[in-house]
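Line order of the protein sequences matches chains A and B.
Residue numbers for the first sequence follow the UniProt record's numbering, beginning at 1 and rising by one.
Residue numbers for the second sequence follow the UniProt record's numbering, beginning at 1 and rising by one.
What follows is a single structure, written as structure tokens, with notes after it.
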Amino acid sequence: MSKQIKVALIGNPNTGKTSVFNQLTGLNQKVGNYPGITVEKKEGVCKLPRGIKAHILDLPGTYSLNATSLDENVVIELLLNKSHKDFPDVAVVISDVENLKRNLLLFTQIKDLKIPAILAINMADRMDRKGISLDIELLEKKLNTKIALVSSRKGTGIDTIKELILEYRKLPTEPCVNASVIDKDYFENLQNAFPDQELYKLWLVITQDVNFVQLNRHTIPDTSSFNTKSRSELKRLQQKEAICRYQFINGTLKEGYKVDAGAAKGLRASLDRVLTHKVWGYVIFFAILLLIFQTIFNWSQYPMDYIDELFASFSEWAKATLPAGVFTNLISEGLIPGIGGIVIFIPQIAFLFLFISLLEESGYMSRVVFLMDKGMRRFGLSGKSVVPLISGTACAIPAVMATRNIENWKERLITILVTPFMTCSARLPVYLIIIALVIPDKRFMGLNYQGLMLMALYLIGFITAVGSAYLLHKVMKTRTKSFFMVEMPNYKVPLLKNVALTVLEKTKSFVFGAGKIILAISIILWFLASNGPSDKYANAEEIVTEKHRGQDISEEDLNTEIASYQLENSYIGIIGKAIEPAIQPLGYDWKIGIALVSSFAAREVFVGTLATIYSVGSEEESTIKNRMAAEINPVTGGKLFNLASGVSLLLFYAFAMQCMSTLAIVKRETNSWKWPMAQLILMSGFAYIVALIAYQVLK
Amino acid sequence: MKTTIAHLKRGEKGIIKDISIDNVPVKLFEMGCLPGNEVELLQVAPFRDPLYLNINGSFFSIRRETALLIEIEKLNETRAL
């Protein structure tokens, strides 16, 4: 295979950079992470004419080469390091025809690094409507480059980019702005101190530390010895540099870029008047949220039921077809349900990201951030935390994945850490059955107690999430300076291809990222539940059959009792019994203990486990409920599920980190086991204490 | 008292005069927030924070605390056609 041309796509956010990337690579793309950090790395292969291929790297969006976030820093680290394996042969700078002035700032910086650069002017389809006309030839001459006029929406100009990439060796590399004029003496001294290095690169290295502290940049020349200027002097120079660049850009565009002022502001102003309105803005936002979560609940129910049934029958089929034995059990009872437990989340994840990417692509998300920022900031969150938090009421897994839009790491981490407190749909079956058991079905002033309790649990979840965010905000030290600036992009009709690729990519990253951990834990849990150390487990069938010898008992009842006896004597049963002393003060017995341990796989497993352990044949809710209602607490002699133990259990499930899938996704998103472990210990510890207090007070 | 971006009313415009360099991030300079450029306040969120601006043709919102660091001169024109 011949050597591929290495291309880096660089551009401001909201310039349609990802659309161009999608157009260039199609489905030949993969999304990963940069080593050690959670910044997404998108790369793909593009076929050029004459059988040559290009490796395309879609760098995170940035406004300039002065990094203020980890994402932007990726761009600078790469462009400053010629020996980096991804260092581009050619940079394609994507710009938006309507924001060309601002977009060119980054372009002139890249030119100063003497990297061959192609300027792609995107959104060319909007030129007519906005009354913009360009003199491409003149701009090419002034900017010392080749220009491709592109419309990623219409798919035009992509071939021009490909042609230009192919001919990248012919691109001029002279810079268009001489940044050193802002302080001649200083730059002269700098060059003399490091004669082997490029001057603009040196300047960037020096100023990076002003913008963005604490980084280990071992691959870049050490300029720390060269500190002849104070921080604020450097910053003054940076401002001068920006002015200098804009002077050049204004001069260039004056001749090559014309806007017919007759074409008014149009859509933006009229939509903003409503969508960012003090009252209507919020009304519309909450209406949209309501619509989104209604559809997520309603639409994903059907595929989820289908997936559930499919895997159940697949598992039965495997059991019936394969030769009986340990290996078959592993496949039919461990592996298949384990995979099913991952696949079941796909509908919710796909639907949520369908809506999120529609909101992002249309430009509406920035307006939400604008509206919600002030309110969320009080709790150490950002305007961008709203969507993850509310998504948490469906499922914490897509919600944690949705925090990727939050640039500020601290705000993002806090959002990730508190989202699992929101009442997710998996808690619902547990809540419903316990509420039905212990809360009287009576009305007070027309309000049903059971309904009130359920609402209270949702409120408790939300208050705990926001309250713990506030605590974390106070406790956690900020590593990077927080600064809020949200671009308000133009409203656009979302591109279906981009939306579809986002959904596909998020789903894949869940299945292959968190899926492995979920599968591993579910197989471990299966092993623990279906194996036991003593003869009692192995001989369960004979022991139970012996006990009922001569009695009139149906085969079905006998089988459910065997299952119950097996579970009691399995490893998980033994764990349940072992933790009994610890959970007794909470009002639980060892049977609930087993259900607690096994529902770590997913909260709703609680109900199913109780069904097995009480040897109720069916998972029919009323049957389990009646059986649970009859259960006696061995210590007190009273009912096991009374108000005290019921409320204690409800609170335990409200707070405890009873979800391995969430832990797996948090591990993936934070790239370390530290945060999921902290969540597990803190949330479950808190849950224990609250449940303990509740039981002891109500007892 | 200095007039800053935070003192603009909705729909009002101003010319940027001076920026508290030490406290304003470089990113804002690069967005076009530089002395001499025009700024228009398009929309304010409740409690007058954040502020939605058009500076030099770029549309973005910043928090009030940042807006207070950018001194301007109000343009009190009634733009007639």
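Think of the CB as a built atom: it goes at the ideal place given N, C-alpha and C, for glycine as much as any other residue.
Residue(s) in a DSSP beta bridge with residue i
| i | result |
| --- | --- |
| Met485(A) | Ile62(B) |
| Asp18(B) | Glu71(B) |
| Phe444(A) | Leu447(A) |
| Ala8(A) | Leu57(A), Ala91(A) |
| Leu134(A) | Tyr257(A) |
| Glu38(B) | Ile15(B) |
| Tyr34(A) | The partner list for Tyr34(A) (beta bridge, DSSP) is empty, contrary to what the question assumes. |
| Asp96(A) | Asn122(A) |
| Tyr52(B) | Gln43(B), Ser61(B) |
| Thr4(B) | Glu71(B) |
| Gln29(A) | Gly44(A) |
| Thr156(A) | Ser151(A) |
Neighbour flag for residue i against chain A, beta carbons, 8 Å
| i | result |
| --- | --- |
| His7(B) | no |
| Asp18(B) | no |
| Leu42(B) | yes |
| Met31(B) | yes |
| Ala45(B) | yes |
| Ile21(B) | yes |
| Arg10(B) | no |
| Leu75(B) | no |
| Leu69(B) | no |
Buried or exposed (CB count within 10 angstroms, at least 16 for buried), residue i
| i | result |
| --- | --- |
| Gly36(B) | exposed |
| Gly685(A) | exposed |
| Leu275(A) | buried |
| Tyr306(A) | exposed |
| Val635(A) | exposed |
| Tyr695(A) | buried |
| Gln301(A) | exposed |
| Arg603(A) | buried |
| Asp22(B) | exposed |
| Phe47(B) | exposed |
| Thr279(A) | The identity of residue 279(A) in the sequence shown is Val, whereas the question assumes Thr. Per the 10 Å Cβ criterion, exposed. |
| Arg245(A) | buried |
| Asn73(A) | buried |
| Asp71(A) | buried |
| Lys74(B) | exposed |
| Lys17(A) | buried |
| Gly14(B) | buried |
| Thr173(A) | exposed |
| Lys516(A) | exposed |
| Lys170(A) | exposed |
| Gln679(A) | buried |
| Pro49(A) | exposed |
Residue i at chain B interface by Cβ criterion, 8 Å
| i | result |
| --- | --- |
| residue 712(A) | The structure shown does not extend to residue 712(A), since chain A spans only 1 to 699, so no value can be given for it. |
| Phe370(A) | yes |
| Ile243(A) | yes |
| Asp373(A) | yes |
| Glu360(A) | no |
| Gln239(A) | yes |
| Ser64(A) | yes |
| Thr276(A) | yes |
| Ser232(A) | yes |
| Leu105(A) | yes |
| Glu487(A) | yes |
| Tyr431(A) | no |
C-beta contact flag for residue i and residue j at 8 Å
| i | j | result |
| --- | --- | --- |
| Ser362(A) | Pro195(A) | no |
| Leu57(A) | Glu43(A) | yes |
| Phe379(A) | Val486(A) | no |
| Gly433(A) | Met453(A) | Residue 433(A) is actually Ile in this sequence, not Gly. Contact: no. |
| Val39(B) | Ile55(B) | yes |
| Leu586(A) | Phe652(A) | yes |
| Lys130(A) | Val20(A) | no |
| Ser645(A) | Met488(A) | no |
| Ile296(A) | Phe351(A) | yes |
With contact counted as at least three CB pairs below 8 Å, one residue from each stretch, are the stretch 398-407 of chain A and the stretch 436-447 of chain A in contact? no
Taking 8 Å as the threshold, find out whether the stretch 119-132 of chain A comes into contact with the stretch 90-104 of chain A through three or more Cβ pairs. yes
Quick one: any contact between the stretch 335-343 of chain A and the stretch 380-390 of chain A, if contact means 3 or more CB pairs under 8 Å? no
Does the structure place the stretch 573-580 of chain A close enough to the stretch 545-561 of chain A that three or more beta carbon pairs sit under 8 Å? no
Can you find at least 3 beta carbon pairs, one from the stretch 529-538 of chain A and one from the stretch 362-378 of chain A, that sit closer than 8 Å? no
The stretch 488-504 of chain A / the stretch 308-320 of chain A touching (three or more Cβ pairs under 8 Å): no
Would the stretch 79-93 of chain A and the stretch 3-14 of chain A be scored as touching if the rule is three or more Cβ pairs under 8 Å? yes
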